[in-house]
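Just so we're aligned: the sequence shown equals residues 1 to 410 in this note's numbering.
Backbone N, C-alpha and C define an ideal beta-carbon position, used for all residues, glycine too.
As the structure is a computational prediction, the values presented were derived from the model and not from experiment.
Reviewing the structure listed below.
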Amino acid sequence: MKSWSAPAVPELATAGDAPVIFCSSARGPVAAPRAKGEARLYVCGITPYDSTHLGHAATYVAFDVLVRVWRDAGIDVTYVQNTTDVDDPLLERAQATGVDWRDLARSQIERYFGDMEALRIIPPDSYIGAVESVDLIVAAVERLLERGAAYRMPNGDVYYRIGTPVEPPFGSISKLDRAAMLELFAERGGDPEVEGKEDPLDALLWRAAREGEPHWEGGALGPGRPGWHIECAVIAEQYAGLPLTVQGGGSDLVFPHHEMGAAHATALTGTEFARTYMHTGMVGLDGEKMSKSKGNLIFVSSLREDGVDPMAIRLVLLAHHYRSDWMYRADDLEAARHRLQTWRAAAGRASAVPAAEVIANLRQELTDDLDCPAALSVVDDWAAGTASGPADADTAAIVTAIDALLGVEL
Ligand code: 5CA
Ligand code: ZN
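Below, the structure is given as structure tokens:
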């Protein structure tokens with residue numbers, strides 16, 4: 001699927017270093033990539049209804065900074081993102097609002113593209129929907145069945161056998177005990193209660209066609225539609241290649257989604273799914289996680305319609321470390337607007353320090369687990385020190401670095 005237009009990303013005169021990223025599975029910082037050269041990134045994309053809220057935007061800005069830091073280090077990046085354009089919550093919303101599910105998905109994907117473009121987020125090299133991947137998914141599920149990693153229920157549903165031996169083993173990303181897994185599985189799209197499964201944690205790979213639900217032919221599987229985790233496992237393998245340098249998404253995806261997807265992919269390929277698992281914190285509003293099901297949402301598009309400069313929205317998001325959970329407040333936007341104004345004023349004045357110094361400080365903060373709040377402070381300090389003369393070569397170089405590394409156009 002064609003996605004959104006890329007922002008211009010200026011190249012800096014010198015190159016930076018590769019970053020160290022906190023890996024949820026290793027529970028600590030790891031070099032990503034391990035060796036210089038290339039990086040493969042897969043980020044879990046939206047389920048296209050009620051997008052793009054500030055939580056989504058925060059997640060995609062975080063991975064955008066990762067891509068920018070990688071590019072700055074001269075690393076060749078392959079970036080893949082999916083869109084879950086057929087799934088229960090999307091179908092439920094379509095039904096509830098009397099809209100065709102395809103139209104709902106299409107309109108929300110369009111809105112998301114507009115938001116990403118406005119926020120100057122670098123688009124993925126491949127933006128792939130579940131619907132366009134059905135054939136690949138069917139082939140993968142057939143292979144899992146052949147290998148005994150999956151089984152068919154009497155009604156035609158196909159489930160992944162959670163006990164399938166894979167290396168690294170199931171559970172190594174989230175490191176949860178079984179009780180916690182069962183609880184989260186029930187909360188986050190799983191179906192532990194379904195009778196007849198070998199293990200309540202077995203995950204749906206293929207849902208046999210039901211009356212009134214969209215379905216595809218499905219080859220040997222029979223008519224139906226794809227499960228959620230297998231969608232990402234297959235798209236990542238096909239378009240990015242395994243092992244991924246980074247599997248990314250919000251922290252709400254650690255379990256079951258990323259644990260299951262990694263197990264499916266490893267059972268299919270014999271290869272480790274990802275070297276690093278990078279998870280963003282949850283953005284909330286009024287004391288609760290911002291979520292489509294709760295409806296406590298602030299949309300990027302609404303802010304834009306209210307005339308908010310997208311660069312101010314980007315600064316709201318960058319002002320929080322990607323790993324922290326935070327609550328959005330109107331003050332955040334006021335502070336970001338003020339910061340943007342200050343930076344823009346500084347961009348017209350003489351720099352009091354050499355550009356190389358400011359750029360080195362920016363890189364130091366960003367390569368250390370993408371510390372954007374600290375990077376913003378580096379720019380704040382520079383801006384506060386600018387002198388009254390006209391912008392000079394150092395100012396210009398710093399403005400370019402702010403654009404390249406933070407994606408903020410002044
Ligand atoms: N389509 C699946 C992933 S395959 C999905 O989770 N879609 S989503 O629309 O619910 O979320 C899209 C992305 O935004 C995911 O990476 C998710 O982890 C992240 N996300 C969702 N809610 C928030 C939030 N409140 N704060 C930060 N990130 C969030
Ligand atoms: Zn996913």
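*Near R27, which residues of its chain fall below 8 Å by C-beta distance, leaving aside the five closest residues on each side in sequence?*
K175
*Residue ranges of each beta strand (DSSP E) within the segment 250-287, 3 or longer*: 274-280, 283-285
*Length-filtered (4 minimum) alpha helix (DSSP H) runs lying within the segment 122-172*: 134-146
*Would you tell me roughly how many angstroms separate the C-alpha atoms of I173 and V30, rounded to the nearest one?*
14 Å
_Nearest to H264 (by Cα), restricted to the options A150, T14, S107_ = A150
*Would you list the residues whose beta-carbon is nearer than 5 Å to any heavy atom of the ligand ZN, in the order they occur in the chain?*
C44, C232
*Close Cβ partners of W4 (< 7 Å) along its chain, the five nearest in sequence each way excluded*: F113, M116, E117, P123
*Which two residues bound the contiguous alpha helix (DSSP H) that contains E357?*
355-367
*Just mark G270 as buried or exposed, buried being the case when its beta carbon has 16 or more other beta carbons within 10 Å.*
exposed
_Any alpha helix (DSSP H) of 4 or more consecutive residues that is wholly inside the segment 2-62_ = none
*Beta-carbon spacing of G248, V43 below 8 Å*: yes
*Relative to the C-alpha of E334, which residue among E357, A355, D309, T84 is closest?*
D309
*Just curious, the alpha helix (DSSP H) that L204 is in, first and last residue?*
Counting along the chain, L204 falls outside any alpha helix (DSSP H), though it belongs to the beta strand (DSSP E) covering 204-208.
*List the DSSP bridge partners of W326.*
V283
*asked:* Measuring only from the beta carbon, is K440 closer than 7 Å to any heavy atom that is part of the ligand 5CA?
replied: The shown model of the chain, from 1 to 410, leaves out residue 440, and the question about it has no answer.
*Closer than 7 Å: is that where the CB of M282 sits relative to any heavy atom of the ligand 5CA?*
yes
*Pull up the distance between the alpha-carbon of R275 and that of D381, whole angstroms please.*
36 Å
_Alpha carbons only, please: which of W206, S324, V300, L244 is nearest the one belonging to A140?_
W206
_For a test of the three-state rule: what should DSSP assign to P200, helix, strand or coil?_
coil
*Cβ-Cβ distance between I298 and Y322 below 8 Å*: no
*Evaluate the contact criterion for the segment 132-139 versus the segment 69-77: three or more CB pairs, one atom per stretch, below 8 Å.*
no
*Could you tell me the distance, in whole angstroms, from the CA atom of G148 to the CA atom of V61?*
40 Å
_Endpoints, the alpha helix (DSSP H) within which D76 is located_ = Counting along the chain, D76 falls outside any alpha helix (DSSP H), though it belongs to the beta strand (DSSP E) covering 76-83.
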